[in-house]
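So the protein lines, in turn, are chains A and B.
If you're matching positions, the first sequence starts at 450 in this note's numbering and goes up one per residue.
If you're matching positions, the second sequence starts at 79 in this note's numbering and goes up one per residue.
We put the beta carbon where it would ideally sit given N, CA and C, even for glycine.
From a predicted model like this one, the values you see are computed outputs, not experimental measurements.
Comments concern the structure below.
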Amino acid sequence: MAFEKKSFNEVLKQREMREKAEKAQMTDDHIALDDSQRVKVLSPGRLVFKRFIRNRLAIVGSCILIFMFAFSFLGPLFYPYGQTDRFYKYENQMSDYAGAQLRTEFTNYAYGGITMDEEVARRVNSAIIALSSGEEEFSVINVASGNYLVTAEDDENIFVVSNCTQEDIASFTDTVTIGSFTTIEGKITYNAGVSDLGPRFYEAAVVALQEKTYAFTFGGKDYELRDYNKVGGTIYEISDRSFNYTDEEQSAEFETVVLDAVEAGQSSLVYDGAAYLISSDSGSYSISRSQPDQVVVVSTTYVFNAYERGKSFSDAFKASALLAIAEGETFEDNGVTYHAVTGDYNPEIVAEDGTPVAQLSTFVVRGADGKDNFDIDFKEAVKEAVETMEQKGEKTTVLTYPLVKREVVFQTDENGDPVTDANGDPIEIVVNVFDESGNLVYEDTDITIKKLANDYDLTCPILSHLFDINSAPSRTHLFGTDSDGYDVLARMMYGGRISLMVGFVVVILETLLGTIMGGIAGYFGGWVDNLIMRLVDIFYCIPSMPILIIMGAFMDALKMDPYDRLIWMMAILGFLGWAGVARLVRGQILSLREQEFMVATEATGVRVRKRIFRHLVPNVMPQLIVTATAGLGGVIITESTLSFLGLGVKHPLATWGTMINSITQRNEDMIKYTYIWIPVGLLICLTVIAFNFVGDGLRDAFDPKMKK
Amino acid sequence: MLKFTIKRLLISVVILFFVMFIVYALMYSLPTSYMEKTARELSQKPGSLKSAQEWLAELNAQYGMDKGLIGGFLVWLKSAAVGNFGDSWQWTDSVTNVFHDCIWYSFALGLICFILEVVIAIPLGVLAAKKQYSITDYAVTVFALIGISMPTFFVATVYKLVLAVKLQDWFGLSKPVFDISGMQGRDYVNLSEVGKFFDVAKHFVLPALTLVTVSIGSLMRYTRTNMLEVLNADYIRTARAKGLSEKKVINYHAFRNTLIPIVTILGGSLPGLFSGALITETLFSIRGIGYRSFHSMVAGDIPFTMFYLSFIAILTLLGNLIADILYAVVDPRVRLN
Chain A
450 MAFEKKSFNE VLKQREMREK AEKAQMTDDH IALDDSQRVK VLSPGRLVFK
500 RFIRNRLAIV GSCILIFMFA FSFLGPLFYP YGQTDRFYKY ENQMSDYAGA
550 QLRTEFTNYA YGGITMDEEV ARRVNSAIIA LSSGEEEFSV INVASGNYLV
600 TAEDDENIFV VSNCTQEDIA SFTDTVTIGS FTTIEGKITY NAGVSDLGPR
650 FYEAAVVALQ EKTYAFTFGG KDYELRDYNK VGGTIYEISD RSFNYTDEEQ
700 SAEFETVVLD AVEAGQSSLV YDGAAYLISS DSGSYSISRS QPDQVVVVST
750 TYVFNAYERG KSFSDAFKAS ALLAIAEGET FEDNGVTYHA VTGDYNPEIV
800 AEDGTPVAQL STFVVRGADG KDNFDIDFKE AVKEAVETME QKGEKTTVLT
850 YPLVKREVVF QTDENGDPVT DANGDPIEIV VNVFDESGNL VYEDTDITIK
900 KLANDYDLTC PILSHLFDIN SAPSRTHLFG TDSDGYDVLA RMMYGGRISL
950 MVGFVVVILE TLLGTIMGGI AGYFGGWVDN LIMRLVDIFY CIPSMPILII
1000 MGAFMDALKM DPYDRLIWMM AILGFLGWAG VARLVRGQIL SLREQEFMVA
1050 TEATGVRVRK RIFRHLVPNV MPQLIVTATA GLGGVIITES TLSFLGLGVK
1100 HPLATWGTMI NSITQRNEDM IKYTYIWIPV GLLICLTVIA FNFVGDGLRD
1150 AFDPKMKK
Chain B
79 MLKFTIKRLL ISVVILFFVM FIVYALMYSL PTSYMEKTAR ELSQKPGSLK
129 SAQEWLAELN AQYGMDKGLI GGFLVWLKSA AVGNFGDSWQ WTDSVTNVFH
179 DCIWYSFALG LICFILEVVI AIPLGVLAAK KQYSITDYAV TVFALIGISM
229 PTFFVATVYK LVLAVKLQDW FGLSKPVFDI SGMQGRDYVN LSEVGKFFDV
279 AKHFVLPALT LVTVSIGSLM RYTRTNMLEV LNADYIRTAR AKGLSEKKVI
329 NYHAFRNTLI PIVTILGGSL PGLFSGALIT ETLFSIRGIG YRSFHSMVAG
379 DIPFTMFYLS FIAILTLLGN LIADILYAVV DPRVRLN
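Here it is as structure tokens:
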């Protein structure tokens, strides 16, 4: 009391009284039953508090809630991992090691720097395919840019394409059908391409038929009738197949070979090392000799397996080597001479001093990255394994082969100090293992060979850098990691933040809305009350879960940002939930309105707004606090259910609902990774139970009538 | 009484109208991706003479989407009033047919849970109130609170894990006791009629258990609170003072009076038996109305969703009405006005 002036006398008096009172307490003799000191007067707030802390369940609930808040809001400050920190691990994983294939496609190696245009290349390819399946030994391609000769070499996997000059050397005429006639029609029906020989020719034919000689001469050429009957037949012009040479004459043997080829229906032949092409045009044949000029392209199904590991050869080298193999010769590349020899299975390329350089094979083994980084022994082993597998008619087999042993170590710099990343954690790398003498250590590894449609797939356990997903609880991750490689404990903390925040924001929102609406309705009554209460009825009747699901699907369709979504979800939840609070507030205010203190406010002329929100609403506060606390649990359940259905808060934000959802979507995961979803589910339960306990405790404390 | 009922019914109709309008407005403003998707598909079909735009316009006209919000709502309302809710887009059947297919599964599930709830919750609630502050009371209270506090999906998943998977492991059974989800076993078609019935019944065990676990707590608490209130009433003291046996006091005087509010809320929840369990049915793939409507809502199937939402709204209003009337019927002291 500031206006009271204290004199020294009064101060002394007070001190005396205090000392007296203390003495009285100590001796305890003079206390009477009605002594005011015996009755402790507590303020209403403290009374409630006292009653609250007497309730054991409420205390348990409060402790759980304090823990939850500390866990969610303080935990992340001390926990090293964030909600989207990904974790990795090194683990042996069955992965593609290599692929093998029996090659049937041809690869073209350019030789001598002559380029083919696209059309030629296309026709060369089809010619090669035709040659590789047929018996022909070469084919000639005539295009505007020149003639090309495709030759099948003795080695069936090599084809040589060279540009060539085509030279007509000879032609001859074969027996050919002129036409047919009947005496009834009285004329000859000539075959296409045969010119009319006149009526005299017809007469000669008729004479031959009638005299039954069936042969006649006309204009110095011999004709014969075949397939004849009494009234007609077919006329053939008989040829002696004599060769007309344009230049030098060839031997009789050549002619026989050509005629044999014609009988056999071939269009090309090889004689005395030269390629000849036979073209026919209605009985007249012309023979042309292809003069190969320069090799353009060497085409092969072979691949080069280098003896030196990882070595690759130039296209020019390959082309020369292939030509040398086809002809059994030596060749030079970059000034070095190589020999082509026939190896045990396959042709090989040997350097001049006898060291093998490359082996040619149609069986290709390549690393999973498409590169050739295997030594030849491995390739041979794979080939052998595949052949055995094919013989047995199996689809899969296992090859045990020593591979380089690899291990995970911490990366070190030149001085041997560990290298760290931005967070100061040591970086792990995978390196080859060496023994004391510096040699690579090999380890027998089971390589699974599986037959696919046309090729073979080689898989074996490889030490790989992986997301550390769904790992079991360990010292680094107390609750393991989830299916994205995130730390579960960290996400539990951040998820708790969102769940608690959603709970509080929504409850505050709906309490605010409900108090305003209920306060207005209760205070004014009449048509305002009626209108607002009908609105409340309508909102009571709107099914909130379906609406939330629809809005979730809607936001999915809009591909909304996770944070915006979170805000929208809270707004919708709050907007749908105010009706209950409004009803409660209105009911309370209706009864409070009639009490004397309200009459007093009216009499003293307090403003309406002040009357409602300063005098009426504080009296509703206890009930509001109780319903809000109990409602918090419900909101948290709704939020986690929505998130569980995938319609609430979205990845990468962590919430308890999504964490459970991501692991229980597939039943196998749900059964296998219980250590991820059960703790999270228990967290939800614990939080909601705690809110319910506290809500119950508050209600009992505010309204002790119920207790006894 | 009759006047009250009629008045309430009329108010309900008005409320229903506005609820439906709000829901329709919501559905109307959704990006009608389904319409666009269907229009695109139709336009790409061989022999389609119209472009996707034309198809979309035609579909919109068919569903009254081109008449604006209010016009469209009136079109919908007009056909809905005569029981024509259109064809479901998600289930490719008329909405009423889909409803007839699925509602009885939901009702069966709801009824089983209702009966179990009443049979378990009321005696336990009475027991807890009778022995207030005993271990029994704490156990019941805590148990009820745990039930209320568990999210349905978590309970369902735990039951799936324990009863459908672990039970088999623990007892070394050759077949799982319960299936994780679904409504029929694998050999359903080969079973006899009785076998089929029991097969489906078996698949209802886990969902029913889940629903009971989650919803039993509130009834238990409600019973306990009301029983406590009654036990503190003066007439109970009088009954005890008369020297009646404790059994008689509890069973006749207290319990009967406790029943008044309980019967009221139970009666009010009767229409809810038809509303289906959205989450539980979806999680266990029980093809009831909850499951159907969940998939309809996610897929943007407007006809079925509109139907479902109006159905739920009607059930809610009906429940409130029944509760109010029952309150007057059971408790003669209450005067309706």
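Counting only beta-carbon atoms, is P229(B) nearer than 7 Å to chain A? Within the second sequence, the letter at position 151 stands for residue 229(B). Interface flag for P229(B) against chain A is set, since a Cβ pair is found closer than 7 Å.
What residues of chain A sit near L356(B), judged by a beta carbon separation below 8 Å? The sequence position of residue 356(B) within the second sequence is 278, counting from 1. Within 8 Å Cβ-Cβ: M994, P995 and I998.
Integer-rounded CB distance, given that F231(B) should sit under 8 Å from A242(B): The sequence position of residue 242(B) within the second sequence is 164, counting from 1. The sequence position of residue 231(B) within the second sequence is 153, counting from 1. With a Cβ gap of about 15 Å, A242(B) and F231(B) do not count as contacting.
To the nearest angstrom, report how far apart P349(B) and T394(B) are at their CA atoms. Residue numbering aside, residue 349(B) sits at position 271 when the second sequence is read from its first letter. Residue numbering aside, residue 394(B) sits at position 316 when the second sequence is read from its first letter. Whole-angstrom Cα-Cα distance: 7 Å.
For G203(B) versus R365(B), is the C-beta distance shorter than 7 Å? Numbered from its first residue, the second sequence carries residue 203(B) at position 125. Numbered from its first residue, the second sequence carries residue 365(B) at position 287. No, they are not a contact pair.
So, using beta-carbon positions, are P529(A) and I390(B) closer together than 7 Å? Within the first sequence, residue 529(A) is the residue found at index 80, counting from 1. Within the second sequence, residue 390(B) is the residue found at index 312, counting from 1. The answer is no: Cβ separation not under 7 Å.
With a threshold of 16 other CB atoms inside 10 Å of the CB of L1011(A), please say whether the residue is buried or exposed. Along the first sequence, read from residue 1 onward, the residue named residue 1011(A) stands at position 562. Residue identity differs from the one stated: residue 1011(A) is Pro in this sequence, not Leu. Looking at its Cβ environment, which holds fewer than 16 other Cβ atoms inside 10 Å, P1011(A) is exposed.
For P1128(A), which residues of its own chain have a beta-carbon under 8 Å away from its beta-carbon, when the five flanking residues on both sides are left out? The residue given as residue 1128(A) occupies position 679 in the first sequence. Around P1128(A): F928, V937 and M941.
Between which residues of its own chain and M375(B) is the CB-CB distance below 7 Å, once the five residues before and five after are set aside? What you label residue 375(B) is simply residue 297 of the second sequence in a count that begins at 1. Cβ neighbours of M375(B) beyond the five flanking positions: T383.
Cβ of I314(B) within 7 Å of any chain A Cβ: Position 236 of the second sequence, counted from the start, is the residue given in the question as residue 314(B). Not an interface residue.
Would you report the Cα separation of F1093(A) and W1126(A), rounded to the nearest angstrom? Against the first sequence, residue 1093(A) aligns to sequence position 644. Against the first sequence, residue 1126(A) aligns to sequence position 677. The straight-line gap from Cα to Cα measures roughly 11 Å.
Using a threshold of 7 Å, state whether the C-beta atoms of V806(A) and I798(A) are closer than that. Numbered from its first residue, the first sequence carries residue 806(A) at position 357. Numbered from its first residue, the first sequence carries residue 798(A) at position 349. Pairing V806(A) with I798(A) gives a Cβ-Cβ distance under 7 Å.
Proximal residues of chain B, C-beta to C-beta of V1137(A) below 7 Å: By one-based count along the first sequence, residue 1137(A) stands at place 688. Ordered by position in chain B, the residues that pass the 7 Å Cβ test against V1137(A) are S227.
Backbone CA spacing between L461(A) and R467(A) [nearest angstrom]: Locating residue 461(A) in the first sequence gives position 12, counting from the first residue. Locating residue 467(A) in the first sequence gives position 18, counting from the first residue. Cα-Cα distance, rounded: 10 Å.
Kindly indicate which residue of N1116(A), L962(A), I996(A) and K1059(A) has the alpha-carbon position closest to the one of M98(B). Start at 1 with the first residue of the second sequence, and residue 98(B) comes out as number 20. The shortest C-alpha separation from M98(B) is found at I996(A).
For a contact meaning CB atoms closer than 7 Å, what does G378(B) contact in chain A? Translated into the one-based positions of the second sequence, residue 378(B) becomes position 300. The contacting residues are A1002.
Between C512(A) and chain B, is any beta-carbon pair separated by less than 7 Å? Locating residue 512(A) in the first sequence gives position 63, counting from the first residue. It does not; no Cβ of chain B falls within 7 Å.
Can the beta-carbon of R437(A) be found less than 7 Å from the beta-carbon of G967(A)? Because residue 437(A) is not part of the residues shown, which for chain A are 450 to 1157, the question remains open.
Does the segment 566-586 of chain A touch the segment 768-775 of chain A, meaning 3 or more C-beta pairs lie closer than 8 Å? At 8 Å Cβ cutoff, the stretches do not touch.
Using beta-carbon positions only, say whether L332(B) and L309(B) come within less than 7 Å of one another. Taking the first residue of the second sequence as position 1, residue 332(B) is located at position 254. Taking the first residue of the second sequence as position 1, residue 309(B) is located at position 231. The sequence given here places Ala at residue 332(B); Leu does not occur at that position. Yes, the pair counts as a contact, with Cβ atoms nearer than the cut-off.
Does any residue of chain A bring its CB to less than 7 Å from the CB of A391(B)? Within the second sequence, residue 391(B) is the residue found at index 313, counting from 1. For A391(B), the nearest CB of chain A lies under 7 Å from its own CB, placing it at the interface with that chain.
Short check: CB of L134(B) to CB of A117(B), under 7 Å? Position 56 of the second sequence, counted from the first residue, corresponds to residue 134(B). Position 39 of the second sequence, counted from the first residue, corresponds to residue 117(B). Yes, they are a contact pair.
Would you say M305(B) faces chain A, with C-beta separation under 7 Å as the test? Counting from 1 along the second sequence, the entry for residue 305(B) is found at position 227. Against chain A, the CB of M305(B) has no partner CB under 7 Å away; the residue lies outside that interface.
Contained alpha helix (DSSP H) runs [length at least 4] in the segment 631-719 of chain A, N- to C-terminal order: Counting only runs of 4 or more, we get 648-659 and 701-712.
4-residue-minimum alpha helix (DSSP H) runs that sit fully inside the segment 1024-1074 of chain A, ordered along the chain: For the segment 1024-1074 of chain A, whole alpha helix (DSSP H) runs of length 4 or above, ordered along the chain, are 1045-1052.
In three-state terms, what does DSSP make of A1103(A)? Walking along the first sequence from the start, residue 1103(A) turns up at place 654. Three-state result, A1103(A): coil.
Can you check whether the CB of L404(B) is closer than 7 Å to the CB of T342(B)? Position 264 of the second sequence, counted from the first residue, corresponds to residue 342(B). Position 326 of the second sequence, counted from the first residue, corresponds to residue 404(B). Yes, the Cβ-Cβ distance between T342(B) and L404(B) is below 7 Å.
Less than 7 Å between the C-beta atoms of I633(A) and V680(A), yes or no? Residue 633(A) sits at position 184 when you count from the first residue of the first sequence. Residue 680(A) sits at position 231 when you count from the first residue of the first sequence. In this structure, V680(A) lies closer than 7 Å to I633(A) by Cβ.
Proximal residues, the segment 1118-1133 of chain A versus chain B, C-beta separation under 8 Å: Flagged, chain order: M1119, I1120, T1123, W1126, I1127, G1130 and I1133.
Is the separation between the beta-carbon of Y401(A) and that of E686(A) shorter than 7 Å? Nothing in the structure corresponds to residue 401(A), since chain A is present only between 450 and 1157.
Going by alpha carbons, who is nearest to K820(A) out of D1145(A), D534(A) and G548(A)? Stepping through the first sequence from its first residue, residue 820(A) is reached at position 371. It is G548(A).
When the Cα atoms are used, what is the spatial distance from T861(A) to V853(A)? Translated into positions along the first sequence, residue 861(A) becomes position 412. Translated into positions along the first sequence, residue 853(A) becomes position 404. CA-to-CA, the gap between T861(A) and V853(A) works out to about 21 Å.
State the CB to CB distance for the pair N640(A) and T624(A), rounded to an integer number of angstroms; the pair is presumed to be in contact (CB under 8 Å). Within the first sequence, numbered from 1, the residue matching residue 640(A) stands at position 191. Within the first sequence, numbered from 1, the residue matching residue 624(A) stands at position 175. So it is not a contact: roughly 13 Å between Cβ atoms.
Are the beta-carbon atoms belonging to G161(B) and I226(B) less than 7 Å from one another? Locating residue 161(B) in the second sequence gives position 83, where the first residue counts as 1. Locating residue 226(B) in the second sequence gives position 148, where the first residue counts as 1. Not a contact, by the Cβ cut-off of 7 Å.
My output table needs one value for M228(B): the three-state DSSP class, helix, strand or coil. Position 150 of the second sequence, counting from 1, holds the residue named residue 228(B). Secondary structure at M228(B): coil, using DSSP grouped into helix, strand and coil.
So which residues on chain B does S1089(A) lean against when the C-beta distance must stay under 7 Å? Taking the first residue of the first sequence as position 1, residue 1089(A) is located at position 640. By Cβ distance, chain B contributes P229.
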